[in-house]
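There are 2 protein chains.
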Amino acid sequence: MVNKEEYRRRIILTASKIFSHYGFRKTTMDEISRALKKGKSSIYYYFSSKEEIFEAVVLHEANQLRARLTTAIKEVDSPPEKLRNYIYVRMKEFAKLSNYYNAVFDKNLDHYEFIEKIRARYDREELAILRLLVYVGNNRGVFDVEDSEYTAMAIQTMLKGMEVPLFWRKREVDINQRLEAILSLIFNGILRK
Amino acid sequence: MVNKEEYRRRIILTASKIFSHYGFRKTTMDEISRALKKGKSSIYYYFSSKEEIFEAVVLHEANQLRARLTTAIKEVDSPPEKLRNYIYVRMKEFAKLSNYYNAVFDKNLDHYEFIEKIRARYDREELAILRLLVYVGNNRGVFDVEDSEYTAMAIQTMLKGMEVPLFWRKREVDINQRLEAILSLIFNGILRK
DNA sequence: TTAAGATGGAACAAACAGGTCGGAAATTCG
DNA sequence: CGAATTTCCGACCTGTTTGTTCCATCTTAA
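Protein chains in written order, with our numbering: chain F, 2 to 194; chain H, 2 to 194.
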């Protein structure tokens, strides 16, 4: 193998699929190595533990999510549309990136420090984006809020509410309607009358 | 619990979902009991082993499959249409009943005796149905075959070919086209010219 | 040929998972 | 109500699994 980084990437992609199907706990190093057609111990040349692989996988998905959210925001110009795109894409992607999702919600993973770090980091970044969106909208006179920071936090709280598994236990159509309702709520409480 | 049978059924339904997601091996008695909100040892009051639960689950799915195939055949009258319905429904249902599917194809389950029994029984029953279909069609003068038994076996062989995982690694549309092609092949080799 | 980069077989300690057992709780019945 | 029977479960046992380490062995490039 000429390029070590390249092989790490391959491990991440392969492990990602297995993790997303069986979860962290039920995925064994043996499966990962078999999927890669390598000896189990060989994996340890690239990663020092199963945890470290999972960490890389989750980070990978987090990066994907970030990238897609960024483009979603850039696609449109007006702050309300940016916000709408952000929320929409965030919801759709969250459902797809199952490892990241599990990392954030699986109570059995609570004690892993790196999970906490990723959770915290994502929270911080998201808040920054929302704050900026609100702030810009406010400056342009489209929004009308007292404090960008706290408004952003309020929106984030609402987004977190959409993350909990119960929210998804509904039909697809219903989900879209609920999304529209949520957006409408945010906007009507935010838009200048 | 007034009715022991009723509770067994509930265990089967719950275990079925977990088995279908994680497979026989990765599903633990602990999970099953947790999903049922019962103590692990309580399950052993209803089933004497994990294997026995899986056996019941697979049998349950096999019965479902049989029931649907039966109605599918009864829905139409002419032998060619019966055959067409049979094959069509069999394909669609097979994809859904994942425990049954795994029981039939997972090489890791090869050494379980009850799996062998279920496989053998299903084979026998299917052959009987096909034989009858061919026989009746022949009698009515719609089909034209020498030996119903061997023709039925030939058709069954073809159906088995559609079961192997590779067959499904295609897009839905493609699947339908292939199905049509298979049907057309069977009929054109079978129908009186 | 040698040294550094990769690989995988074998071994191991710790965790896990299927199953048992004795008896507690709940329910039924007289 | 109380005894009998059904249902449930916590604690435990035991063989297996699994993450990880070690080290001998290949492979590659200089």
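Where a beta carbon is used, it is the ideal one built from N, C-alpha and C, also for glycine.
Close CB contacts of LYS18 (chain H) within its chain, under the 6 angstroms cut and outside five residues either way in sequence, are absent. Contact check for PHE25 (chain F) against PHE55 (chain F) passes: the beta carbons are separated by less than 7 angstroms. About 6 angstroms separates the beta carbon of ASN86 (chain F) from that of VAL77 (chain F), a gap short enough to meet the 8 angstroms contact definition. Here the alpha carbon of TYR46 (chain H) sits roughly 28 angstroms from the alpha carbon of ARG120 (chain H). Interface flag for LYS27 (chain H) against chain F is set, since a Cβ pair is found closer than 7 angstroms. Assigned with DSSP and collapsed to three states, PHE48 (chain H) falls in coil, not helix or strand. For the segment 4–38 of chain H, the set of positions with a beta-carbon nearer than 7 angstroms to some beta-carbon of chain F reads TYR23 and LYS27 in chain order. Approximately 5 angstroms separates the beta-carbon atoms of ILE13 (chain F) and ALA57 (chain F); this is inside 8 angstroms, confirming the contact. By the criterion of at least three beta-carbon pairs nearer than 8 angstroms, the segment 28–35 of chain F is not in contact with the segment 29–40 of chain H. Around the C-beta of SER149 (chain F), 16 or more other C-beta atoms lie within 10 Å, and the residue is accordingly described as buried. Residue burial annotation: LEU84 (chain H) is buried, with at least 16 other C-beta atoms found within 10 angstroms of its C-beta. Remark: C-beta atoms of GLU52 (chain H) and LEU98 (chain H) do not approach each other more closely than 7 angstroms.
Apart from sequence neighbours up to five positions away, the residues of its chain that approach PHE115 (chain F) with a beta-carbon distance below 6 angstroms are GLU56, ordered along the chain.
Boundaries of the alpha helix (DSSP H) harbouring ARG35 (chain H): 30–36, taken from the DSSP string.
For ASP148 (chain F), no alpha helix (DSSP H) encloses it, and the DSSP letter there is neither H nor E.
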